[in-house]
Amino acid sequence: MKNRRSGFPIARALSATRRPRAARLSLVVLLALLTGGIPLGGPGSPPARAIPVASAAAPAAIASANAASYYTVTPCRLIDTRTANGPYGGPPISGGPTAARTFVFAGRCKTSPTAGAISLNVTVTAPGATGFVTLYPGGATLPNTSTINFKAGQTRANNAVVATGFGGDIVIYAGLPAGITTNVIVDVNGYFDLPTNNQPPTANAGPDQTISLPNSASLNGSGTDDGLPNPPAALTYSWSKVSGPGTVTFGDATQAATNASFSLAGVYVLRLTVSDSVITDFDDITINVNPAAAANPTADAVRFLEQSTWGPTDALIAHVQAVGFIGFLNEQFATPSSGNVFLPLWPNNTPTSCNSTCFRDNYTMYPLQRRLFTNALYAPDQLRQRVAFALHKLLVVSGFDISMPSRLNPYLQILDRNAFGNFRQLMYEITLNPAMGQYLNMNTNTKTNPNENYAREIMQLFTIGTDLLNADGTPEYDVSGIPYPTYDQSVVTNLAKVFTGWRFSPDLPYPPDPNNSIDDYVTPMVLSASRHDTGQKTILNGQIINAGQTGDQDLNQALDIIFNHSNVGPYLAKQLIHQLVTSNPSPAYVGRVAAIFNDNGSGVRGDMKSVITAILLDPEARGDLKTDPAYGHFKEPVLLITNLLRAFDVKGDGLPQSDGNLNGSSSSMGQDAYRPPTVFSYFPADFEVAGTGGLLGPEFGIASATTALKRDNFINTMVFSKLTKSSNPTTGNSPYGTTLDFTRILTFAAGPPGPLIDELNRVMLHGSMSTYANSGPNNMWDSLYQAITAIPCANPCTGTPALQRVQQAVYLVATSSQYQVQR
Amino acid sequence: MTKKEQTRRDFLVRTSCAALGAAAASASLKKFGLLTAKALESAVNASDPNYKALVCIFLSGGNDSNNMIVPMAGSLLTAYNTARPAGSGLQLSQGALHPITVPGLGQFGLHANLGTTAANQPDPTKVLHTLWGQQRLAVVCNVGPLVVPLPNKTAYQSSANKKPYQLFSHSDQVAQWQTSVSDHVSQTGWGGRTADKTISFNVGSGFPLVTSIAGTAAFAQGIQTRPLGIQPAPTALNNILVLNGFASGQTGFNATYSPPRKLSMDFLRTIDRTALLVAAASDSTEQAVDIGSALSTDPTIATVFPNSGLANQLLQVAKVIKIHQGLGVQRQIFFCQQGGYDTHQDQINNQGDLFQDLSEAMKAFYDATVELQLETQVTTFTLSDFGRTLEPSGSGGDVGTDHGWGNHQFVMGGSVLGGNFYGVPGPSGNVFPTLTLNGPDDTDDRGRWIPSAAVDQYAATLATWFGLAPGDLPYVFPNIGHFSTSNLGFMA
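Following this line, the structure appears as structure tokens:
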């Protein structure tokens, strides 16, 4: 967007002063225009460039007939040397004339290619020494002035107008000693040009939109221009997709006003490009494409919450219906972590002063387990926690071995922090996490005594698995029907060498006891160069890591190689779909999510937000009714507990909030939270359920006759009684206790049982309960009706009989397999 | 057996197959009926010659049997001391070993903690080493997953010979030991498949043939067999499978309202079964309810068991065995597990503690079978992920070992031809590996032994003793035909 302002004063003479040594934050004007003798762009000839004068001694002679005009543009970042790549990124600017860097300005950031001067804001940050930066026209002599002055380490900014040189370029020179650098950031906010030159057209893609499938979006783009060049004066238009999970089909991509239809739900960015035949402009529009609006929106909203949170609540169901799936996801992505509480490290040996309560709180998983459940029951960052727990099951460190909460906590924080980040970053942080280093022995992996544990598991369990996968997650078989292995022992041996040399940061002292100390489980592991194997390593697919690199170089190169292996997308897609949606996704579903992992639509690989969105908005996840016999997944104990408690306004025992002391219940059902028995997690990802013809059901891996009854008995306790609070809230493990609050549900029990059953069907079974209408005489609704009406109650039904009816109904639904399998 | 019986057995196998995944599976349990409460315990008589049980102890994590059975003489001792020199942190002191003499092979020693009781155990006979002298304990040497025999390093390195998939990986090697299928992933285990083919011994009983006291394991899964999972002692047998809310005194019980609740609950398990995972969850609960009513007593075992995770699993096994007649079974397979063997670090202490536990728990269990007069009918054996590198890894106080392959296993019981080593002769000319780094039975140069005997052979020997018909061997062990023998001869 730009506005022309005629009559803007166009130039000032440069002052021929010495380079200032003191910082001076004034507008530095370098612009002068020369116009004589150069044709100003008629038909058939290139437009004249308004030629700047670079010399400080040049006169500022301007012919008014050729006065340049000022055009504003929406502030636009053109240069940022802090980012690594691209012609307008790093490296930082080094001191000295030969290290100056030249950048093309004119024609960028919606300025015209003929712009004679650029109005900009220049910022320096992290300069290595006191000095200055000068911006001056390309091809000109370095002026005796500075654009901005700074002291070492300062971040400073200044406005400037800088003339462009031939080719529209500007030089950035750093007045620093050779080899000393500063980062420079340049934002463009306007430019000067002759109004007789062809100015860029302006594209307007219209306001952002939200639609629901299968509707298409109406695009009302437009463009304006100065009529140049002439001919042709008419603008041409072109719509294209910038990013988004699916394909976009335009009604007519060459019309400003057209429509766009989308193959998949998700967030799309579309671009309208406008051309006046010489110069183009574009404008982007974001379209939130929601999944198909359901016939009964409640049902899919409830199922969506079963998949994306620790369990639907009445309030959240209404909220999702109000803001839509994408709206909810965006809210969740923006919600900060509730679990990121720092826990101070405790000494390696329990101090004698540490009594049993102190021991429980600092040397067992108790506080982390309570936090897990408390956050799951009450905290707003539901999706982050659900994903972080899924990642914990994938990238396992067990409190079985790392038994101090302050030691496991940094690991859990990494999962929280990166749940919505990039998988590559997660790989890096988890690799150097001390708890992981201890758990899988990377901390003692040295060049003389290599330890293969981490090398093997990062491939086998964390990223690619043992079998080569097709893009849709199905194994790639050889002629005899055996899956191709992704790697062999030599890869493990070599990768182990890559990971050599990393160890804990030095122990911290424990002042009260000189014989005790504190292992540093907070600081990421550090490299001991002498323990690193610097030989050449050949890892996945024969890719070579060259000899002589540092441990960090080796590490990053190896992680890049693993991260870019074609298995990661389908492998991770399957794992996360298992955890959130269904144990037996179709290959097509896995393929769609894997494709988003490979490229989120903006060229980014491993973008977790996009992967999660793709999983939850996929047609296989969405929809009111699931008829596929294989659909769904058995609720693991932690999920069963939180689902039940959240559905019925969980409170403490006579207190407003539960203490989250629920791991005892979960553990008895076979899932000791944060203490999975092995690196293979709580249950095997490839567990097949007997009697189902080979269906996967990972959570059935911890199901047994014992746990089946423990599940029902937990429900019995919660529905008919409570988890009583401890008599001593300090030493007792259950300071608040846990109860269900049936107040809201009781309002549905006031009359005949129908509304009560319907409400439980809505909040617990997303409307999927079998009824006479859809299943004939043998249906769940009628069976509940009989069990409820066995309890006599007057009309209106109140008091104890009403509560007994609610308890009867909730117990039966909660213990039913129809509820215990999320589908 | 008569022809008529054979037919009936086949019929029952088919019936149980057809009933899988359906409510009918539990109906069969109810229909055949189980003796109740007191009848179970009183039904135990002095002996029951028709009964047999296999008890698996899985040493989870990969036991380093290089320090379980240690040579005490000759070139093997030299090789051991070369790979694990004094000061390596892993060499066991010869003086602490418990010597065992192996016919034809000479002098070896069991790890110290397999022959010495812990400080708090006053009875010196409560150790595994005792059973060697009584010829109730045998060692099967250098067993591991194989697809075809790999008699030496050259054979191992030849691409013509098929190798097990994903060697040295925990989950895959656990699977191969438990499934006895090493050329592809199998979802069923050799315990479960053996049960598929021996269920006919348990005519009239709906009690599952396989019981796991250590959670769900591939070993226990058959194509038709669905294992029972129960908790270890000290949970009383009759407290394991109780559904609350339906008996006086329990939370949620109401004399008038509980019966209709139970009626509805039972009914809900029979509907909506087109959703397969819903049906599977219903079956799991159904089995729990039915078996809960069968396990309505908690028998006593006089033998004193140590208080450890493994010992408590084995105590629970002894209790179930004691009431086997009441359950109407003649064949049972049990799965127990002892964790912690993944000794990448601090192996000397960690493995020592594990062996102490293993030794005393196994001996107590053997004594319990003697108490039940069933010691010749109960055979206990170990499995483990893999052996470990003879060459140590790590340094300082963190010395451990990395994942290996072939491994030695214990077999214990009154029908075991104990006091001897078994297996298949390898490059050394006998069943014991050469212990030479980069030698003819090392996959590389760290002492990962190429197994001379296959898991299939080891397991088939046990299954054959259990009663698996020769004709059913290929069903349970699809690759058994690749090997020279299906019986390693350690069972009477």
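Sequences listed follow chains A and B, in order.
For what it's worth, our numbering labels the leading residue of the first sequence as 3, then goes sequentially.
For what it's worth, our numbering labels the leading residue of the second sequence as 5, then goes sequentially.
We treat Cβ as the ideally placed atom computed from N, Cα and C, and that holds for glycine.
**Request:** Reducing DSSP to helix, strand and coil, say where threonine 709(A) ends up.
**Result:** Looking at threonine 709(A) - three-state DSSP - the assignment turns out to be helix.
**Beta-carbon spacing of serine 64(B), glutamine 341(B) below 8 Å** = Annotated as proximal: serine 64(B) and glutamine 341(B), with beta-carbon spacing under 8 Å.
**Request:** Using a threshold of 8 Å, state whether the C-beta atoms of leucine 118(B) and leucine 132(B) are closer than that.
**Result:** Judged by beta-carbon spacing, leucine 132(B) lies within the 8 Å limit of leucine 118(B), meaning their Cβ atoms are closer than that value.
**Request:** Would you list, in sequence order, the uninterrupted beta strand (DSSP E) runs of no fewer than 3 residues that lie entirely inside the region 66-135 of chain B?
**Result:** Segments of the beta strand (DSSP E) lying fully in the region 66-135 of chain B: 73-75, 102-106 and 110-114.
**Prompt:** Per DSSP, which one or two residues make a beta bridge with glutamine 824(A)?
**Reply:** Under the DSSP definition of a beta bridge, glutamine 824(A) partners with His635(A).
**Prompt:** Does the beta carbon of asparagine 496(A) come closer than 8 Å to any beta carbon on chain B?
**Reply:** So no, asparagine 496(A) is outside the interface.
**Request:** Give the residues from the region 181-193 of chain B that approach chain A closer than 9 Å (Cβ to any Cβ), ordered along the chain.
**Result:** Within the region 181-193 of chain B, the residues whose Cβ lies closer than 9 Å to some Cβ of chain A are Asp187, His188, Val189, Gln191 and Thr192, listed in chain order.
**Request:** Determine the chain A residues that contact threonine 255(B) at a beta-carbon separation under 7 Å, and present them in chain order.
**Result:** Correct list: Asn718, Thr719, Phe722 and Ser723.
**Prompt:** Is DSSP giving asparagine 261(A) helix, strand or coil here?
**Reply:** Note: asparagine 261(A) maps to strand in three-state DSSP.
**Asked** Where glycine 91(B) and valine 403(B) are concerned, what is the direct C-alpha to C-alpha distance, given to the nearest angstrom?
**Response** Distance between the alpha carbons of glycine 91(B) and valine 403(B) is about 11 Å.
**Asked** Taking Cβ-Cβ distances below 9 Å as the criterion, which residues of the region 452-470 of chain A are in contact with chain B?
**Response** If the cut-off is 9 Å between Cβ atoms, the region 452-470 of chain A has Pro452, Asn453, Glu454, Asn455, Arg458, Glu459, Gln462, Leu463, Thr468 and Asp469 near chain B.
**Message:** For phenylalanine 375(A), would you say it is in contact with chain B, using Cβ-to-Cβ distances shorter than 8 Å as the test?
**Reply:** With a threshold of 8 Å between beta carbons, phenylalanine 375(A) makes no contact with chain B.
**Asked** Residue range of the beta strand (DSSP E) that tryptophan 783(A) falls in?
**Response** Not the beta strand (DSSP E): tryptophan 783(A) falls in the alpha helix (DSSP H), residues 782-791.
**Asked** From asparagine 332(A) to glycine 666(A), what does the alpha carbon distance come to, in whole angstroms?
**Response** In this structure, the alpha-carbon of asparagine 332(A) lies about 34 Å from that of glycine 666(A).
**Asked** On the three-state DSSP scale, how would you describe isoleucine 563(A)?
**Response** Here isoleucine 563(A) sits in helix by DSSP.
**Item:** At least 3 beta-carbon pairs within less than 8 Å: the region 424-442 of chain A vs the region 718-731 of chain A
**Value:** Here the region 424-442 of chain A does not lie against the region 718-731 of chain A, with fewer than 3 beta-carbon pairs under 8 Å apart.
**Item:** Contact set for glutamine 381(B): own chain, Cβ-Cβ below 6 Å, skip 5 residues either direction
**Value:** Only Tyr55 and Lys56 meet the Cβ criterion.
**Asked** What's the call for asparagine 160(A), buried or exposed, on a 16-neighbour Cβ count within 10 Å?
**Response** By the 10 Å Cβ count, asparagine 160(A) comes out buried.
**Request:** In angstroms with no decimal places, state the Cα-to-Cα distance between lysine 153(A) and proline 382(A).
**Result:** When rounded, the distance between both Cα atoms is 44 Å.
**Beta-bridge pairing of isoleucine 172(A) - partner residues as DSSP gives them** = DSSP links isoleucine 172(A) through a beta bridge to Phe105(A) and Pro139(A).
**Asked** DSSP puts phenylalanine 414(B) in a beta bridge; with which residues?
**Response** Val143(B), per the DSSP bridge assignment.
**Prompt:** Which stretch, first to last residue, makes up the beta strand (DSSP E) that contains aspartate 371(B)?
**Reply:** That residue, aspartate 371(B), is in no beta strand (DSSP E); its alpha helix (DSSP H) goes 351-375.
**Range of the contiguous alpha helix (DSSP H) that encloses lysine 266(B)** = Taken as a continuous stretch (DSSP letters only), the alpha helix (DSSP H) holding lysine 266(B) covers 262-272.
**Message:** Can you tell me where the beta strand (DSSP E) holding valine 291(A) begins and where it ends?
**Reply:** For valine 291(A), the enclosing beta strand (DSSP E) begins and ends at 282-292.
**Asked** Hey, is valine 190(A)'s beta-carbon within less than 8 Å of any beta-carbon in chain E?
**Response** No chain E appears in this structure, whose protein chains are A and B.
**asparagine 483(B) - containing alpha helix (DSSP H), residue span** = Counting along the chain, asparagine 483(B) falls outside any alpha helix (DSSP H), and DSSP gives it neither H nor E.
**Request:** Using only alpha-carbon positions, find the residue among Ser286(B), Leu441(B), Val420(B) and Phe436(B) that is nearest to glycine 493(B).
**Result:** For the options Ser286(B), Leu441(B), Val420(B) and Phe436(B), the alpha carbon positioned closest to that of glycine 493(B) is the one of Val420(B).
**Request:** Closer than 8 Å by beta-carbon distance: list the chain A residues that pair up with glutamine 235(B), in chain order.
**Result:** The contacting residues are Thr708.
**Asked** What three-state label does DSSP hand isoleucine 579(A) in the structure shown?
**Response** Here DSSP, grouped into helix, strand and coil, assigns isoleucine 579(A) to helix.
**Message:** Please classify valine 481(A) as buried or exposed, where buried requires at least 16 other C-beta atoms within 10 Å of its C-beta.
**Reply:** Its Cβ having fewer than 16 others within 10 Å, valine 481(A) is exposed.
**Prompt:** With distances taken from CA atoms, which of Ser263(A), Ser240(A) and Phe264(A) is nearest alanine 255(A)?
**Reply:** Closest option to alanine 255(A), Cα to Cα, is Ser240(A).
**Prompt:** Whole alpha helix (DSSP H) runs in the region 655-724 of chain A with 4 or more residues, listed along the chain?
**Reply:** Taken in chain order, the whole alpha helix (DSSP H) runs of length 4 or more contained in the region 655-724 of chain A are 665-670 and 707-722.
**Request:** Grab me the residues of valine 74(B)'s own chain with a C-beta within less than 6 Å of its C-beta, minus the 5 sequence neighbours each way, in chain order.
**Result:** Here the set comprises Leu96, Leu101 and Gly113.
**Prompt:** Based on Cα-Cα distance, which residue from Asn543(A), Ala267(A) and Phe107(A) lies nearest to arginine 594(A)?
**Reply:** Arginine 594(A) has its Cα closest to that of Ala267(A), out of Asn543(A), Ala267(A) and Phe107(A).
**Asked** Nearest to asparagine 447(A) by CA position, among Pro436(A), Met406(A), Phe501(A) and Asn569(A), is which residue?
**Response** Out of Pro436(A), Met406(A), Phe501(A) and Asn569(A), the CA that lies nearest to the CA of asparagine 447(A) is found in Phe501(A).
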